[in-house]
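Start counting the sequence shown at 1; every next residue gets the next number (UniProt numbering). C-beta: ideal position from N, C-alpha, C; glycine also.
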Amino acid sequence: MTLEELQALVTRAPYHQWLGLKVVSFGEGEIEIRATWREEWVVNPDRRYTHGGILAALVDLAADWALGAALGRGIPTVDMRVDYHRPAMPGDLICKGKIVRQGGMFSVAEASIFDLDGKLCASGRGVYLTASPK
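Shown next as structure tokens:
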């Protein structure tokens with residue numbers, strides 16, 4: 001799969017388009033995606049940090065697409081956990097996903113979300129249903 005083909009798969013969903021996802025690189029069970037910051041991500045207008053739900057979505061997407069790139073398709077999330085490390089202030093975010101274990105039925109992947117200064121904002125791990133679709 002080429003970078004352009006993977007980009008088309010990732011941004012097929014309107015929500016992913018709204019998040020401004022851009023696949024930067026992928027390979028060897030890893031993916032890097034850049035998310036384009038939007039004013040609508042702000043949860044606290046006074047402090048201007050990004051809503052945790054956006055960070056959780058980015059953790060899920062980066063982990064999911066680390067597996068999706070290897071399989072050539074999107075896959076459903078079975079379970080996920082997220083840890084928040086620091087507020088994500090206005091600015092694009094870098095999402096790095098990595099396969100932990102790829103199985104025939106279920107797989108595990110993890111992701112980390114960084115600001116443009118390289119500071120870790122959130123991380124997490126998910127379980128994904130990777131069985132062949134029927």
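(request) Answer yes or no: do Met1 and Gly72 have a C-beta to C-beta separation smaller than 8 Å? (result) Mapped onto the sequence shown, residue 1 falls at position 1. Mapped onto the sequence shown, residue 72 falls at position 72. Against a cut-off of 8 Å, the Cβ pair of Gly72 and Met1 comes out as a contact.
(request) Answer yes or no: do Gln102 and Ala69 have a C-beta to C-beta separation smaller than 8 Å? (result) By one-based count along the sequence shown, residue 102 stands at place 102. By one-based count along the sequence shown, residue 69 stands at place 69. Taking 8 Å as the Cβ cut-off, Gln102 and Ala69 do not qualify as a contacting pair.
(request) Mind checking who Thr50 pairs with in its DSSP beta bridge? (result) Here residue 50 refers to the residue found at position 50 of the sequence shown. Thr50 pairs with Val42.
(request) Tell me whether Leu19 sits in a helix, a strand or coil according to DSSP, three-state version. (result) Residue 19 sits at position 19 when you count from the first residue of the sequence shown. Leu19: coil per DSSP, three-state reduction.
(request) Output the boundary residues of the alpha helix (DSSP H) element that contains Glu5. (result) Here residue 5 corresponds to residue number 5 of the sequence shown, with the count starting at 1. Run containing Glu5: Leu3 to Val10, per the alpha helix (DSSP H) assignment.
(request) Give the straight-line distance between the Cα atoms of Lys98 and Asp60, rounded to the nearest whole angstrom. (result) Along the sequence shown, read from residue 1 onward, the residue named residue 98 stands at position 98. Along the sequence shown, read from residue 1 onward, the residue named residue 60 stands at position 60. Roughly 11 Å between the two C-alpha positions.
(message) Taking the straight line between their C-alpha atoms, what separation do you get for Leu120 and Ala62?
(response) Taking the first residue of the sequence shown as 1, we reach residue 120 at position 120. Taking the first residue of the sequence shown as 1, we reach residue 62 at position 62. So the alpha carbons of these two residues sit roughly 14 Å apart.
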